[in-house]
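Trainee:
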Amino acid sequence: MTLILAALVVWAIGWGLNIWISHQKPGRWQSIVSAIIFGITLVIMWELIVRGSGISPVILPPPSMIINAFATSTDILAADFIQTFMKGVLTGYAMGCAAAFLTALAIDRSDFLKRGLLPIGNFVAALPIIGMAPILVMWFGFDWHSKAAVVVIMIFFPILINTVQGLDAADKMQKDLMRTYAASYWQSLFKLRLPAAAPFIFNGLKIASTLALIGAIVAEFFGSPIVGMGFRISTGAGRLELDLVWAEIVVAAVAGSAFYGIVALIERKATFWHPSQRK
Amino acid sequence: MDDIVIKAENLCLTFETNDGPVHALKDVDLTIDKGEFVSFIGPSGCGKTTFLRVLADLETPTGGTVCVNGMTPREARRKRAYGFVFQAAGLYPWRTISGNIKLPLEIMGIPRAEQKQLVEEVLDLVHLSGFENKFPWQLSGGMQQRASIARALAFHADILLMDEPFGALDEIVRDHLNEQLLELWAKTNKTIGFVTHSIPEAVYLSTKIVVMSPRPGRVTEVIESTLPKERPLDIRESPEFLDLAHRVREGLRAGHEDDA
Amino acid sequence: MNIVKTGLLSGALALGGFAAHAADDVTLQLKWVTQAQFAGYYVALENGYYDDEGLNVEIKAGGPDVAPSQVIAGGGADVVVDWMPSALSAREKGLALVNIAQPFKSSGMMLTCRRDAGIETTADFAGETLGVWFYGNEFPFLSWMAHLGLSTDGGDDGVTVLKQGFNVDPILQGQAACVSTMTYNEYWQIIDAGLTPEELIVFKYQDQGVATLEDGLYVLEENLSDPEFVDRMTRFVRASMAGWKWAEENPDAAAAIVIEYDETGAQTIEHQTRMMGEIAKLTAGSNGTLDEADYQRTVDSLLAGGDDPVITAAPEGAFTHIITDAALN
Amino acid sequence: MDVSQLLFGVIVSTVLLISSLIIAAFAVLWLSGTGYLGVKVLAAAVLGVLIFSGVNAFLVKSWTWWKESKIRPLPDKKLFSFVAILYVVTVIFALWYAFAIVLNKNWAYDKATRGGYELSFSELVADTWSQKKPRLPTPDQVAGEIWKSTGTAAAKKWERTEGDPFLERISEVLGDKRNLIRHAWLTLSATMLGFVFGTGLGILLAVGIVHNRAMDNSVMPWVITSQTIPILALAPMIIVVLNAVGLSGLIPKAVISAYLSFFPVVVGMVKGLRSPDSMQLDQMRTWFASKAQIFWKLRLPASVPYLFTSLKIGVAASLVGAIVGELTISQDGGLGARMLQGNYYGATLIIWAALIVAAALAAVLVSSVGLAERVTKKRMGFVQ
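Residue numbers (numbering that gives the first Met the number 0), protein chains in the order written: chain A, 0 to 278; chain B, 0 to 259; chain C, 0 to 328; chain D, 0 to 383.
1) Leu272 (chain D) and Val209 (chain D) look like a contact to me (Cβ under 8 Å); what is the Cβ gap, rounded to whole Å?
2) Cα-Cα, which of A:Gly13, A:Thr1, A:Val8 and A:Leu7 is closest to Ala213 (chain D)?
3) Thinking just about the alpha-carbon of each residue, which of C:Glu185, C:Ile268 and C:Asp191 is nearest to the one in Gly343 (chain D)?
4) What residue does the alpha helix (DSSP H) around Glu158 (chain D) start on, and which one ends it?
5) Measuring CB to CB, does Gly227 (chain A) end up less than 7 Å from Thr83 (chain A)?
6) Are the region 98-112 of chain C and the region 205-219 of chain C in contact at 8 Å, needing three or more beta carbon pairs?
7) Does the beta carbon of Phe381 (chain D) sit closer than 7 Å to a beta carbon anywhere in chain C?
8) Between which residues of its own chain and Phe92 (chain D) is the CB-CB distance below 7 Å, once the five residues before and five after are set aside?
9) Within 10 Å of its beta-carbon, does Leu5 (chain D) have 16 or more other beta-carbons around it, so buried, or fewer, so exposed?
10) Nearest by alpha-carbon distance to Thr71 (chain B): which of B:Val194, B:Gly34 and B:Val4 is it?
11) Out of curiosity, what's the CA-to-CA distance linking Cys45 (chain B) and Pro229 (chain D)?
12) Within this structure, are the beta carbons of Ile200 (chain A) and Pro157 (chain A) separated by less than 7 Å?
13) Going along chain C in order, which residues have a C-beta closer than 7 Å to the C-beta of Pro60 (chain A)?
14) Cβ of Pro206 (chain D) less than 7 Å from any chain A Cβ?
15) Go through its chain and collect everything with a Cβ distance to His22 (chain B)'s Cβ below 8 Å, but skip five positions before and after it.
16) How should Gly32 (chain D) be labelled, buried or exposed, when 16 other C-beta atoms within 10 angstroms of its C-beta is the threshold for buried?
17) Which of helix, strand or coil does DSSP assign to Ile2 (chain C)?
18) Just verifying my parser: in three-state terms, what is the DSSP assignment at Arg77 (chain B)?
19) May I ask you to report which of helix, strand or coil DSSP gives Lys25 (chain B)?
20) Tell me which residues share the same chain as Leu243 (chain B) and place their Cβ nearer than 8 Å to its Cβ, disregarding the 5 neighbours each side in the sequence.
21) Counting only C-beta atoms, is Ser217 (chain D) closer than 7 Å to chain A at any point?
22) Buried or exposed: Val374 (chain D), going by 16 or more other Cβ atoms within 10 Å of its Cβ?
23) Any beta-carbon of chain A closer than 7 Å to the one on Phe330 (chain C)?
24) Can you tell me whether DSSP reads Ala371 (chain D) as helix, strand or coil?
25) How is the alpha helix (DSSP H) around Arg217 (chain B) delimited, first residue to last?
26) Going by the beta-carbon positions, is the gap between Val80 (chain C) and Leu29 (chain C) smaller than 7 Å?
27) Using only CA atoms, which one of C:Lys59, C:Ala66, C:Leu87 and C:Asn136 lies nearest to Ala317 (chain C)?
28) For Phe193 (chain B), which three-state DSSP category applies?
29) Let me see if you follow: with CB-CB separation under 7 Å, is Gly73 (chain C) close to chain A or not?
30) Under a CB-based cut-off of 7 Å, is Phe130 (chain B) close to chain D?
31) Would you decide whether Gly117 (chain C) is buried or exposed? Buried here means 16 or more other CB atoms lie within 10 Å of its CB.
32) Would you say Arg114 (chain A) lies against chain D (beta-carbon separation less than 7 Å)?
33) Spell out a yes or no on whether the region 125-136 of chain D and the region 95-112 of chain D are touching, meaning 3 or more CB-CB pairs, one atom from each, closer than 8 Å.
34) Does the Cβ of His245 (chain B) have 16 or more other Cβ atoms within 10 Å, making it buried, or fewer, making it exposed?
35) Which word fits Lys101 (chain B), buried or exposed, when buried means at least 16 other C-beta atoms lie within 10 angstroms of its C-beta?
36) Can you give the Cα-Cα distance for Phe381 (chain D) and Val65 (chain C), rounded to whole angstroms?
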């Protein structure tokens, strides 16, 4: 009981601190510090509530156990990370992006294809593609190839649609200007339309970056070698190694956030001129 | 004197920016009497809009005092002492014209029946009767701006503050609206503060023209108009008008010279 | 509409039933989806054996991501069906599960291999890829491999382990030389897919001397100090075993009952009837009482796990005869 | 539309159909050798795209010729779009049949080798298009399976309940566990419940974030992080935890579905609630409007277009969530449970049938939100 009260006190302190911070002079540090305080508050409350209410660690382990598992099984976590992220996700991401981008360029050249493929692409993008995971595991085998395949089909349509939309983003006046210069298709593509499309393309890439890791992990639930983040998560729960499972979830969350962050960072550098990137 | 509606003394406003302080207003003294039509004119950055915003309590001055109807701007705002017309019509696309005009009335908690009557009244005033149920985008730009003036008038504030309300409109529509604004002013006898960067517009409309200059924003000259209250459009070709316009231009130039 | 109506009806019935008999609630968590593997419990429910004992039993089907031990730890069930290796492993992790009855005498687990992959004996496993289930089912396999002295990290002198999905695709498509199967289930999927028994070679864990005890009933140790709970479990086990014995004798009818309870509607009567026939062979040797020799063999097999044994020390108090003694004698 | 336009449409479609069949046949012949499957699929895709572009270029050329010849009036844009979609759909189906041959041929050959007979090409095609457990079932097989598990199943149940009162028979048919309609309904109800939870939570969070700087600073980054956690990993734990507090059935599925759908709503609503510009906010200030008045009269109505955009993404995410939940809580039925069971028994037809029904469900859900969007926007005067 006292532990739960302590949790409430921690919450009050953390929140009070954040309110105080929000009244300070605004700056970049503010949101970062606030977010960290909020996260730490949650973690401490988790620890206190789990211990205070006697929740069994095989249901929800306290953070201290997770940190401990993290520290003692770095080799396992690293092997899983390489298998799932480096092999499955990155390969699939690269292939999916390239395929979607090239398809978008092909479609862009013809009004006919655009009219035919875009409605279908929009439709497919809304489908629960994750249901294809068991089928792709069946087709491409148990190793990372099938995970990469799942990643490819999951990210293909979001990127395709965004890129095609982006290629239409240059306004009419700018296109007319290119016409007055008698620019060729490729010149106008590289000098005008691709830069104008960049914000859209990056939007697609960002969506894809979160989808990719989830897709790969889900695919591992349907069959995998005995290494990988999805493998560890699904089998760990069965062995009641919940601390390891949560450590793996933390790795997934950090990797996913970092992946997203890197794409966002590249976007900021590449499309600094876009209104959304300006302060 | 009871007739003083707006009084500013030693008004200063400084914005802190990364490149150092910017003096938007410095030592501005100004008195506006009831029923006056005052134009503020000057190059961009001279503080004319800022001054209007201070009156409306949208900016807080860093020095000096300002009174609106004998109250602080904040109290005046709370008492809804003025209507404010922005540069763009700013009508809500999801409300009809009458819905847009009702908006401030709803916010002020005026009873429904009265709202309806007020809306009819002001729509008539700006010659928009019959357009109650149209959406803003179904109206021309000039009509939208008239609707936004109607919205500012709807709650019978004594003061009307207008920040370049016709700046985005073409010359012909503008002339027309100017004429109607004068007519409205004559009918309602409101005190009007009007920001513009057009010399003919300022001269044509005002009883008093406040010429301002930038860096720091200050009043360089206050010109009392000698034009009669009744002003047909062709008054703009009269020698009196041209003389006033010349004085305003000179005033602006003077302000510019000591800047350089 | 219909669902709402049925829900209300059954809710009213449950309430009414509770009021009339003041029946004791028991929640049973199964290890896997609704199928003939659990026929005894469904038969006891359908034929009213539980009602006769004054019990109001709710059977929760499991699935690939449901660990019965986790469910019981979370208070989601009073008693669970689990395999002994995973129960003992949970016990060592601090979740004190106790076996109260053992309806399955023999193990139905086996490794099924294609002859054309060049496998005739266990000695041929080295260098091959083998499909294994996880989620608690990998323990018997790991201890068998340790027994054979094969590492499971891949390489030429060890075996490459594949986390098998829930079907037999790897062997059909040649991705693995052998896959894990149950005598009553997956083996027949291979046969149904078109491979003949002659083309296959099976290694039963039972024959290899590494059999571990499968479907048993487990409860939390702390509950056993409560006489009321013990009484409730005694009645539950008695009724369940009656269900099992009826199912053994009436396999066709038992399979039909199972089909009725399958919420997903994916089971076929042909498959379930055949499964019931195979299940009957596994339950035949047991009246519900745990055979201590079987228990000892399971423990030994799990302890002999080489470098990374499933359990590190012989467990204490992992089973009890109190309930079966009271229920069956 | 005059006759000449229709004629043009028919000619184009025929040309497309023939060209697509050629692609299919060619792909099969070219790929009938052996080798690594992934490579072949990739090669087939490249080949398909090449031929596809070639035919396309030809069509565009003839289209231009048609346009410039001015012999007949230009077919209208709608027809053009329709033909285009028809073309793409036809090609997809052709490729589907082609891939069915490619993917299923190993098993056909395997059977032939074991049975000791030779397969001719036509026998191969016949076999690959009609296997009981194919790696890739053909569209007609999937359609057949869907019909079998809806229409035929209903008819069977109808016959079996002969003699019962009429209404009872209807409810028996609809509640039949073997009927895919019931499973679709289960998934739909979990999706809707989760969607309502998620949307509510998303809007509340967005309101908090817009009005409270502390929340904006501290919660928003974690909202983004929450979406990088693989939900399928959490699903079993969510279920166990909720089970422990006595919640089972629809609720855990709805919780997972809400977890996925609240994110787009938060992001869209924050954007929408912040969409009024400073002029509009100043205007509100001049009227001395309270925070609540600004919210109800300005921010909320201004956010409606953003809300609907998010809802369309959110409802699709909800469906994914419900299906993911059902993969874990498979004992309660639902489309996800069907997929899992299909996988468990290697019954690919069941998986595909469930997938296609799920796709149809997604289409219905997204287009319903789209319809609601159009109606609302029209009534609110957003549409011009």
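Backbone N, C-alpha and C define an ideal beta-carbon position, used for all residues, glycine too.
Remember, it's a predicted structure, so these values are computed and weren't measured experimentally.
Mentor: If we stick to the structure as given:
1) Locating residue 272 (chain D) in the fourth sequence gives position 273, where the first residue counts as 1. Locating residue 209 (chain D) in the fourth sequence gives position 210, where the first residue counts as 1. Right, the Cβ-Cβ distance comes to about 4 Å (below 8 Å), so this counts as a contact.
2) For the purposes of this step, residue 213 (chain D) is taken as the residue at position 214 of the fourth sequence. For the residues A:Gly13, A:Thr1, A:Val8 and A:Leu7, the minimum Cα distance to Ala213 (chain D) belongs to A:Gly13.
3) Counted from its first residue, the fourth sequence places residue 343 (chain D) at position 344. It should be pointed out that residue 343 (chain D) corresponds to Tyr in this sequence rather than to Gly. It is C:Glu185.
4) Residue 158 (chain D) sits at position 159 when you count from the first residue of the fourth sequence. Note, Glu158 (chain D): alpha helix (DSSP H), Ala152 to Arg159.
5) Here residue 227 (chain A) refers to the residue found at position 228 when the first sequence is read from its first residue. Here residue 83 (chain A) refers to the residue found at position 84 when the first sequence is read from its first residue. Yes, the pair counts as a contact, with Cβ atoms nearer than the cut-off.
6) yes
7) In the fourth sequence, counting from the first residue as 1, residue 381 (chain D) sits at position 382. No, no contact with chain C.
8) Within the fourth sequence, the letter at position 93 stands for residue 92 (chain D). Excluding residues within five positions, the ones whose Cβ falls inside 7 Å are Pro138.
9) The residue labelled residue 5 (chain D) in the question sits at position 6 within the fourth sequence. The predicted position of Leu5 (chain D) is uncertain, since its pLDDT is 49 and thus under 50; a value taken from the coordinates is nonetheless stated next. Looking at its Cβ environment, which holds fewer than 16 other Cβ atoms inside 10 Å, Leu5 (chain D) is exposed.
10) As a working note, residue 71 (chain B) is residue 72 in the second sequence. If we check each option's Cα against that of Thr71 (chain B), B:Val4 comes out closest.
11) On the second sequence, position 46 is the one that residue 45 (chain B) refers to. On the fourth sequence, position 230 is the one that residue 229 (chain D) refers to. Their Cα atoms are separated by approximately 56 Å.
12) The residue labelled residue 200 (chain A) in the question sits at position 201 within the first sequence. The residue labelled residue 157 (chain A) in the question sits at position 158 within the first sequence. No. Outside cutoff.
13) Mapped onto the first sequence, residue 60 (chain A) falls at position 61. Per Cβ cutoff of 7 Å: no residues; Pro60 (chain A) is ~11 Å from chain C at best.
14) Position 207 of the fourth sequence, counted from the start, is the residue given in the question as residue 206 (chain D). A small correction: the amino acid at residue 206 (chain D) is Val; Pro does not occupy that position in the sequence shown. Not closer than 7 Å to any Cβ of chain A, the Cβ of Val206 (chain D) fails to qualify, so no.
15) Residue 22 (chain B) sits at position 23 when you count from the first residue of the second sequence. The residues are Cys11, Leu12, Thr13, Arg214, Pro215 and Gly216.
16) Walking along the fourth sequence from the start, residue 32 (chain D) turns up at place 33. With a pLDDT of only 47 at Gly32 (chain D), under the threshold of 50, the placement of this residue in the model should not be trusted, and no figure is reported.
17) Taking the third sequence and counting its residues from 1, the one referred to as residue 2 (chain C) is at position 3. Reliability of the predicted coordinates at Ile2 (chain C) is poor, the pLDDT of 41 falling under 50, and no value is obtained from them.
18) Looking up residue 77 (chain B) in the second sequence gives position 78. Correct three-state label for Arg77 (chain B): helix.
19) Walking along the second sequence from the start, residue 25 (chain B) turns up at place 26. Looking at Lys25 (chain B) - three-state DSSP - the assignment turns out to be strand.
20) By one-based count along the second sequence, residue 243 (chain B) stands at place 244. The residues are Val202, Ile208, Ile222, Ser224, Thr225 and Leu226.
21) Residue mapping note: residue 217 (chain D) aligns to position 218 of the fourth sequence, counting from 1. So yes, Ser217 (chain D) belongs to the interface.
22) Residue numbering aside, residue 374 (chain D) sits at position 375 when the fourth sequence is read from its first letter. Answer is exposed; the Cβ neighbour count stays below 16.
23) Residue 330 (chain C) is absent from the structure shown; chain C starts at 0 and stops at 328.
24) Taking the fourth sequence and counting its residues from 1, the one referred to as residue 371 (chain D) is at position 372. Here Ala371 (chain D) sits in helix by DSSP.
25) Position 218 of the second sequence holds residue 217 (chain B). Run containing Arg217 (chain B): none in the alpha helix (DSSP H); it sits in the beta strand (DSSP E), Arg217 to Glu223.
26) Taking the third sequence and counting its residues from 1, one reaches residue 80 (chain C) at position 81. Taking the third sequence and counting its residues from 1, one reaches residue 29 (chain C) at position 30. Yes.
27) On the third sequence, position 318 is the one that residue 317 (chain C) refers to. For the residues C:Lys59, C:Ala66, C:Leu87 and C:Asn136, the minimum Cα distance to Ala317 (chain C) belongs to C:Leu87.
28) Position 194 of the second sequence holds residue 193 (chain B). Reduced to three states, the DSSP call for Phe193 (chain B) is strand.
29) The residue labelled residue 73 (chain C) in the question sits at position 74 within the third sequence. So, interface residue.
30) Indexing the second sequence from 1 puts residue 130 (chain B) at position 131. It does not; no Cβ of chain D falls within 7 Å.
31) The sequence position of residue 117 (chain C) within the third sequence is 118, counting from 1. Gly117 (chain C) is exposed by the Cβ-count criterion.
32) For the purposes of this step, residue 114 (chain A) is taken as the residue at position 115 of the first sequence. By this cut-off, Arg114 (chain A) is an interface position.
33) yes
34) Here residue 245 (chain B) corresponds to residue number 246 of the second sequence, with the count starting at 1. Exposed: under 16 other Cβ atoms inside 10 Å.
35) Here residue 101 (chain B) corresponds to residue number 102 of the second sequence, with the count starting at 1. Lys101 (chain B) should be labelled buried.
36) Taking the fourth sequence and counting its residues from 1, one reaches residue 381 (chain D) at position 382. Taking the third sequence and counting its residues from 1, one reaches residue 65 (chain C) at position 66. Going by the C-alpha atoms only, they are around 49 Å apart.
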